[in-house]
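Colleague:
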Amino acid sequence: MDTPTQSKQILIVEDNYQIRQTIAKELQLEDYIVHTAEHGQEGLKMLQQVTPDLILSDINMPFMDGTEFYKEVRKNPRWVAIPFIFLTSNDAPEDVQAGRE
Numbered sequence: 573m574d575t576p577t578q579s580k581q582i583l584i585v586e587d588n589y590q591i592r593q594t595i596a597k598e599l600q601l602e603d604y605i606v607h608t609a610e611h612g613q614e615g616l617k618m619l620q621q622v623t624p625d626l627i628l629s630d631i632n633m634p635f636m637d638g639t640e641f642y643k644e645v646r647k648n649p650r651w652v653a654i655p656f657i658f659l660t661s662n663d664a665p666e667d668v669q670a671g672r673e
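To get my numbering, take the position in the sequence shown, counting from 1, and add 572.
#1: Rounding to the nearest angstrom, what Cα-Cα distance links proline 634 and phenylalanine 641 in this structure?
#2: Have a look at methionine 636 and glutamine 613 and give me their C-alpha separation to the nearest angstrom.
#3: In terms of alpha-carbon separation, which member of Ile627, Thr660, Asn632 lies closest to arginine 646?
#4: For glutamate 586, I'd like the list of residues in its chain whose CB is within less than 6 Å of its CB, leaving aside the five on either flank, ordered along the chain.
#5: In three-state terms, what does DSSP make of alanine 609?
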């Protein structure tokens, strides 16, 4: 007897509506439960409601950028273990290094 697999949850934090929706739709097609936020402050509010299995976050956003959002996420012991991936079109060496740090 097959046991049903539980869908994984992903939080997408991206200020560009079209990019956010495109990523969300693609992940939903793969049976992920997707939560979205427009910027880091909204992302933190969403994390009060759900604990995703993965966070995908843009770096350049208004109100709270991705780096600040990441630092705030890592301050909360409940969220420390959530894998976090930055999304960015920045490819300058200093931007790559900042993402690694």
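C-beta atoms are modelled at their ideal positions from N, C-alpha and C, and glycine is treated no differently.
Note that the coordinates shown come from a computational prediction; the quantities given were computed from them, not determined experimentally.
Modeller: Quick look at the numbers:
#1: Taking the first residue of the sequence shown as 1, we reach residue 634 at position 62. Taking the first residue of the sequence shown as 1, we reach residue 641 at position 69. Cα-Cα distance, rounded: 11 Å.
#2: For this step, residue 636 is matched to residue 64 along the sequence shown. For this step, residue 613 is matched to residue 41 along the sequence shown. C-alpha separation (whole angstroms): 6 Å.
#3: Stepping through the sequence shown from its first residue, residue 646 is reached at position 74. Here the closest residue by C-alpha is Ile627.
#4: Sequence index remark: in the sequence shown, residue 586 carries index 14 (1-based). Setting aside the 5 residues that flank it on each side, glutamate 586 is surrounded in the same chain by Arg592, Asp630, each with a C-beta closer than 6 Å to its C-beta; the list follows chain order.
#5: By 1-based counting over the sequence shown, the position of residue 609 is 37. The answer is strand: DSSP assigns alanine 609 an E or B state.
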